[in-house]
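As numbered in numbering that gives the first Met the number 0, residues 0 to 83 make up the sequence shown, in order. Glycine included, every Cβ here is placed at the ideal spot set by N, Cα and C.
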Amino acid sequence: MSNKILVADDEPHIRDVITFALERAGMSVVTARDGAEALMAWRRTAPDLIVLDIGMPERDGLDVCRQIRKSSDVPILFLSARDE
Numbered sequence: 000m001s002n003k004i005l006v007a008d009d010e011p012h013i014r015d016v017i018t019f020a021l022e023r024a025g026m027s028v029v030t031a032r033d034g035a036e037a038l039m040a041w042r043r044t045a046p047d048l049i050v051l052d053i054g055m056p057e058r059d060g061l062d063v064c065r066q067i068r069k070s071s072d073v074p075i076l077f078l079s080a081r082d083e
């Protein structure tokens, strides 16, 4: 197993923290800033896991998930944040 993970989040700080932790654990990480970029990265890299923010610009995480599910069963972990 290659342990390649796609991290898609529009917040740079969140992407950086997740990437740091995964790389420290020996994973190979590919990042995306929005839904459109996430779909391109998924097609290009065939990750073993996707960490996907629900609220991204261009295409939200749920739309990205629907698109991926049409042709892949790659595990997807959703991130969500709520302003208080």
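According to DSSP, residue pairing for Lys69 in a beta bridge does not occur.
DSSP places Asp15 in the uninterrupted alpha helix (DSSP H) bounded by 11-23.
When DSSP states are grouped into helix, strand and coil, Ala80 belongs to the coil group. Excluding residues up to 5 positions away in sequence, Ile49, Leu51, Cys64 lie with their Cβ nearer than 6 Å to the Cβ of Ile75 in the same chain. Counting along the chain, Ala7 sits inside the beta strand (DSSP E) bounded by residues 3-7. Ranking Ile13, Trp41, Glu36 by CA distance to the CA of Ile4 puts Trp41 first. If you draw a straight line from the Cα of Val28 to the Cα of Ala80, it comes to about 22 Å.
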